[in-house]
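K.L.:
If you read the sequences in order, they're chains A and B. Under the working numbering, the first residue of the first sequence is numbered 1146, with each subsequent residue one higher. Under the working numbering, the first residue of the second sequence is numbered 11, with each subsequent residue one higher. C-beta atoms are modelled at their ideal positions from N, C-alpha and C, and glycine is treated no differently. One structure follows; several queries about it will come next.
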Amino acid sequence: MTSASEHLTKPLMTSTEPATTMELKLRRRARISSLFRYAVLAAFGLLMLYPLIWLIGASFKTNAEIFASPSFWPKEPTLDGYINGWKTSTPYTFGHFIWNTLVIIIPKVIGTAVSCTLVAYGFARFEFPGKKILFMTVIATLLLPNVVTRIPQYLLFRDIGWLDSFLPLWVPSALAGDAFFVFMLIQFLRAIPRDMEEAARVDGANTLQTLIYIVVPMLMPAIISVCLFQFMWTMNDFLGPLIYISSVENYPVSLALKLSIDTTEAFDWNQILAMSVLALAPSLTVFFLAQKYFIEGISTGGVKG
Amino acid sequence: MAELQLRSVEKTYGGGFKAVHGINLDVAEGEFMVLVGPSGCAKSTTLRMIAGLETITGGEIRIGGKVVNDVVPGKRGISMVFQNYALYPHMKVRSNLAFGLRLRRRPKDEIDSATTDVSGTLEIGELLDRLPKQLSGGQAQRVAVGRALIKQPDVFLFDEPLSNLDAKLRASMRVRITDLHKRLKAEGRPATVVYVTHDQTEAMTMGDRICVMKDGRIMQVADPLTLYERPANAFVAGFIGMPEMNLVEGTLTMDTQPHLTFGDQTIAIKDGLAERLATPQGKIRIGIRPQHLDVVPDGTPGSLRGTVTTAEYLGHEIHIHLKVGSLPLVAVALTERLSAMPRRGDTLSLKPQGPRIHLFDWQTEENVSLADTGN
Chain A
1146 MTSASEHLTK PLMTSTEPAT TMELKLRRRA RISSLFRYAV LAAFGLLMLY PLIWLIGASF
1206 KTNAEIFASP SFWPKEPTLD GYINGWKTST PYTFGHFIWN TLVIIIPKVI GTAVSCTLVA
1266 YGFARFEFPG KKILFMTVIA TLLLPNVVTR IPQYLLFRDI GWLDSFLPLW VPSALAGDAF
1326 FVFMLIQFLR AIPRDMEEAA RVDGANTLQT LIYIVVPMLM PAIISVCLFQ FMWTMNDFLG
1386 PLIYISSVEN YPVSLALKLS IDTTEAFDWN QILAMSVLAL APSLTVFFLA QKYFIEGIST
1446 GGVKG
Chain B
11 MAELQLRSVE KTYGGGFKAV HGINLDVAEG EFMVLVGPSG CAKSTTLRMI AGLETITGGE
71 IRIGGKVVND VVPGKRGISM VFQNYALYPH MKVRSNLAFG LRLRRRPKDE IDSATTDVSG
131 TLEIGELLDR LPKQLSGGQA QRVAVGRALI KQPDVFLFDE PLSNLDAKLR ASMRVRITDL
191 HKRLKAEGRP ATVVYVTHDQ TEAMTMGDRI CVMKDGRIMQ VADPLTLYER PANAFVAGFI
251 GMPEMNLVEG TLTMDTQPHL TFGDQTIAIK DGLAERLATP QGKIRIGIRP QHLDVVPDGT
311 PGSLRGTVTT AEYLGHEIHI HLKVGSLPLV AVALTERLSA MPRRGDTLSL KPQGPRIHLF
371 DWQTEENVSL ADTGN
């Protein structure tokens, strides 16, 4: 119930006297108003979520049924999509591709968190020659469209000999290549008073100890947001692996899903949908587990500073 | 514990702004030194330079005889209490206290006994397992003092530690801190303290000596009594004392009998004073504390007649704002001495307590009357 309707109904509920006609009228109006509002909200929510609900429902349908009805509820529920989809059309199971994805994501997330925190700490707390120009460069890369750097980057990694390995996906992030995260952490750090760090220095902590024992714990909500963003973006990243990874053995989930569309002539849509549902699961799980910190992180970082 | 010395310490910022102009200050071992001054007088900067949180651009800082210009804060043998307490928000009180000792890799029993000791002294034993956000202002302040105390530093630095507390708590914390300082002295571990404040009540009640600063310069360093009775210049005279000292423009006339006039008043001055003035004849600044202007019966010789503009009733005393001619003056009268509350428009006669008039050179603002007052 909203605060407005609470305001209208509350005194009546606590009152011992019988409600007057006027009060009854008010109470009824408040109830109808909130009922209407929730109905509209629920309808819109359902509209937004319907594709997702349909996806989950359709993953249990037979191939023939998928396009036969727009309803999400399968008439003859079957696990065929999951069983066959898991096997894939390659020598590897879908589990192998999930594993590949995790092998890409975990070092990348750790690398991002560590490197971006270090760089943001440097920019937010220290004065050094060339700081302004360097900071402007970081912000400039934020504005640079990704596409522009694709070809030079590809040539660079080709010359180093990193193609068809995970290194082109890991290394830029481990060197604070994601300017957005650096910027986000700097904004968050700017909102934190320096007193605690100064107190730590007086207590005898050196720069690194101050960072680890004092700054990182205070920065934790923002760091968790960074990890979550990086996790989800990497999970969904299609272009990066497509460019740098050529052997099926190293494919992450995003490429593997595409693979099943490519290789079979008559697409087994229920397999694709079933595997899509599986591909969604890690992001959703991580998001719901860390939701509290995530929202704290982006709201604080964005508003203050 | 050790003494602290500042020698021609300067601070110039990148833009060329000079915040501290070569100050010299000696704080003896076990002394409670208060740095006081208006906002922007560089008292906090000076403290932060002593702590090592701010670099110095000239001069020398010595702690215990050792030059510490290039020593990091953690190795200077200092500890500091910050204005906003600066407790580590993610650590419980116990860890906040122990953090410094842990960084020094002290054995666990030593840390535990030191924590117990300090929490006993400051009565924060029950708070040890709380987070800083679960503490009230006064409790957080005590924990911050505890964190400074536990390291047994050579010099304690306090940066306006009471300014975030309400008036009542501030008064009780003031007493606690001075008590603690005295207790440590009695226990044979005297604490050298540098305490920054903008509040003159804190300065006067807490300090063994007070260093009054203005615009990055030291105006006077003295014990509270001297500062009040014998201010070295017009700034100190105006800054110390409530309400502010009346500083009015007067004229010095050198006749056979040198005398000064202000408004329509003439006061004779003693011989010898005139020679000490930079401009022996002409304009001079006269300082009279409101407490040294007595309300006297009309017609008393040497009295001034003024018209009341406002009277502030404070219970035991009344602050009377008057106009004597065109000069605004403030006088403090004890309520019990007055037969009636003065009202706007009333005329009153006031008589300055002769020997307590201060004369300040018009140009240098130095107090030239110190020898004259016989204090």
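List the endpoints of the continuous alpha helix (DSSP H) containing residue 1386 of chain A.
P.N.:
Here the question's residue 1386 of chain A lines up with position 241 in the first sequence. Residue 1386 of chain A -> alpha helix (DSSP H) spans 1384-1389.
K.L.:
Taking contact to mean 3 or more Cβ pairs, one atom from each stretch, closer than 8 Å, check whether the segment 355-363 of chain B and the segment 213-232 of chain B are in contact.
P.N.:
With the cut-off at 8 Å, the segment 355-363 of chain B and the segment 213-232 of chain B do not touch.
K.L.:
Just to confirm, are residue 1327 of chain A and residue 1258 of chain A a CB contact at a threshold of 8 Å?
P.N.:
Your numbering for residue 1327 of chain A matches position 182 in the first sequence. Your numbering for residue 1258 of chain A matches position 113 in the first sequence. The answer is no: Cβ separation not under 8 Å.
K.L.:
Given a cut-off of 8 Å on the beta-carbon distance, is the pair residue 200 of chain B and residue 87 of chain B in contact?
P.N.:
For the purposes of this step, residue 200 of chain B is identified with residue 190 of the second sequence, where counting begins at 1. For the purposes of this step, residue 87 of chain B is identified with residue 77 of the second sequence, where counting begins at 1. Against a cut-off of 8 Å, the Cβ pair of residue 87 of chain B and residue 200 of chain B comes out as no contact.
K.L.:
Can you name the start and end residues of the alpha helix (DSSP H) that residue 72 of chain B belongs to?
P.N.:
Here residue 72 of chain B corresponds to residue number 62 of the second sequence, with the count starting at 1. Run containing residue 72 of chain B: none in the alpha helix (DSSP H); it sits in the beta strand (DSSP E), 68-73.
K.L.:
Just the Cα atoms here: how many angstroms apart are residue 1418 of chain A and residue 1405 of chain A?
P.N.:
Walking along the first sequence from the start, residue 1418 of chain A turns up at place 273. Walking along the first sequence from the start, residue 1405 of chain A turns up at place 260. Cα to Cα, the separation comes out at about 11 Å.
K.L.:
In the DSSP output, what is residue 316 of chain B paired with across the bridge?
P.N.:
On the second sequence, residue 316 of chain B is found 306 positions in, with the first residue counted as 1. In the DSSP output, where bridge partners are listed per residue, residue 316 of chain B has B:358.
K.L.:
Listing by chain order, which chain B residues have their CB less than 7 Å from the CB of residue 1275 of chain A?
P.N.:
Within the first sequence, numbered from 1, the residue matching residue 1275 of chain A stands at position 130. Residues of chain B passing the Cβ test: none, with the nearest at roughly 15 Å.
K.L.:
How about the segment 1367-1386 of chain A and the segment 1429-1439 of chain A: do they share at least three Cβ pairs that are nearer than 8 Å?
P.N.:
Cβ pair count under 8 Å is three or more, so yes.
K.L.:
Across which residues does DSSP place residue 293 of chain B in a beta bridge pair?
P.N.:
Here residue 293 of chain B is taken as the residue at index 283 of the second sequence, counted from 1. Residue 293 of chain B is bridged to B:261.
K.L.:
To the nearest angstrom, how far is it from the Cα of residue 186 of chain B to the Cα of residue 155 of chain B?
P.N.:
Numbered from 1 along the second sequence, position 176 holds the residue referred to as residue 186 of chain B. Numbered from 1 along the second sequence, position 145 holds the residue referred to as residue 155 of chain B. Approximately 11 Å between the Cα atoms of the pair.
K.L.:
With a threshold of 8 Å between beta carbons, is residue 174 of chain B in contact with chain A?
P.N.:
The residue given as residue 174 of chain B occupies position 164 in the second sequence. No, residue 174 of chain B does not count as interfacial toward chain A.
K.L.:
Can you check which of these residues, B:77, B:42, B:31, B:338, is closest to residue 67 of chain B by C-alpha distance?
P.N.:
Residue 67 of chain B sits at position 57 when you count from the first residue of the second sequence. Nearest option by C-alpha distance: B:31.
K.L.:
Give me the chain A residues within the contact set of residue 110 of chain B, using Cβ-Cβ distance strictly less than 7 Å, ordered along the chain.
P.N.:
Stepping through the second sequence from its first residue, residue 110 of chain B is reached at position 100. Those within 7 Å of residue 110 of chain B in chain A are 1348, 1349.
K.L.:
Is the distance from the Cβ of residue 1363 of chain A to the Cβ of residue 99 of chain B below 8 Å?
P.N.:
Residue 1363 of chain A sits at position 218 when you count from the first residue of the first sequence. Residue 99 of chain B sits at position 89 when you count from the first residue of the second sequence. Closer than 8 Å, so yes.
K.L.:
When DSSP builds the beta bridges, which residues end up paired with residue 275 of chain B?
P.N.:
Along the second sequence, one-based indexing puts residue 275 of chain B at 265. Answer by DSSP bridge pairing, in chain order: B:272.
K.L.:
Should the segment 117-124 of chain B be called in touch with the segment 231-246 of chain B, which here means at least 3 C-beta pairs below 8 Å?
P.N.:
No: fewer than three Cβ pairs fall under 8 Å.
K.L.:
Provide the residue span of the alpha helix (DSSP H) that contains residue 112 of chain B, from first to last.
P.N.:
The count along the second sequence starts at 1 and reaches residue 112 of chain B at position 102. Looking at the DSSP string, the run of the alpha helix (DSSP H) that includes residue 112 of chain B is 103-113.
K.L.:
Interface residues of chain B around residue 1359 of chain A at Cβ under 8 Å?
P.N.:
For the purposes of this step, residue 1359 of chain A is identified with residue 214 of the first sequence, where counting begins at 1. Going along chain B in sequence order, the residues near residue 1359 of chain A (Cβ under 8 Å) are 98.
K.L.:
State buried or exposed for residue 149 of chain B, treating a residue as buried only when at least 16 other CB atoms are found within 10 Å of its CB.
P.N.:
Reading the second sequence from its first residue, position 139 is the one you call residue 149 of chain B. Buried is the call here.
K.L.:
Do the segment 1384-1402 of chain A and the segment 1229-1238 of chain A make contact, defined as three or more Cβ pairs closer than 8 Å?
P.N.:
Touching, per the Cβ criterion.
K.L.:
Terminal residues of the continuous beta strand (DSSP E) containing residue 1358 of chain A?
P.N.:
What you label residue 1358 of chain A is simply residue 213 of the first sequence in a count that begins at 1. That residue, residue 1358 of chain A, is in no beta strand (DSSP E); it is neither H nor E in DSSP.
K.L.:
How would you list, in chain order, the residues of chain B whose beta-carbon sits under 8 Å from the beta-carbon of residue 1354 of chain A?
P.N.:
For the purposes of this step, residue 1354 of chain A is taken as residue 209 along the first sequence, with counting starting at 1. Here the neighbours are 113.
K.L.:
Using the beta-carbon of each residue, which ones in chain A are nearer than 8 Å to residue 92 of chain B?
P.N.:
Residue numbering aside, residue 92 of chain B sits at position 82 when the second sequence is read from its first letter. What residue 92 of chain B touches in chain A: 1340, 1343, 1344.
K.L.:
Excluding the 5 residues preceding and the 5 following residue 35 of chain B in the sequence, name in chain order all residues of the same chain whose CB lies nearer than 7 Å to its CB.
P.N.:
Residue numbering aside, residue 35 of chain B sits at position 25 when the second sequence is read from its first letter. Cβ neighbours of residue 35 of chain B beyond the five flanking positions: 16, 221, 228, 231.
K.L.:
Can you grab the Cα-Cα spacing for the pair residue 25 of chain B / residue 1330 of chain A, in whole Å?
P.N.:
The sequence position of residue 25 of chain B within the second sequence is 15, counting from 1. The sequence position of residue 1330 of chain A within the first sequence is 185, counting from 1. Answer to the nearest angstrom: the Cα atoms are 28 Å apart.
K.L.:
Please list, in chain order, the chain B residues whose beta carbon lies closer than 7 Å to that of residue 1362 of chain A.
P.N.:
As a working mapping, residue 1362 of chain A is identified with position 217 in the first sequence. Chain B residues near residue 1362 of chain A: 100.
K.L.:
Can you look up residue 17 of chain B in the DSSP assignment and give me helix, strand or coil?
P.N.:
On the second sequence, residue 17 of chain B is found 7 positions in, with the first residue counted as 1. Here residue 17 of chain B sits in strand by DSSP.
K.L.:
Check residue 116 of chain B in the structure and name its three-state DSSP category.
P.N.:
For the purposes of this step, residue 116 of chain B is identified with residue 106 of the second sequence, where counting begins at 1. Looking at residue 116 of chain B - three-state DSSP - the assignment turns out to be coil, as it is neither helix nor strand.
K.L.:
Can you pull the chain A residues whose beta carbon is under 8 Å from the beta carbon of residue 63 of chain B, in chain order?
P.N.:
In the second sequence, counting from the first residue as 1, residue 63 of chain B sits at position 53. Going along chain A in sequence order, the residues near residue 63 of chain B (Cβ under 8 Å) are 1343, 1346, 1347.
K.L.:
Is residue 44 of chain B closer than 8 Å to residue 158 of chain B when the C-beta atoms are compared?
P.N.:
One-based indexing of the second sequence puts residue 158 of chain B at position 148. One-based indexing of the second sequence puts residue 44 of chain B at position 34. Result no, Cβ atoms of residue 158 of chain B and residue 44 of chain B do not sit closer than 8 Å.
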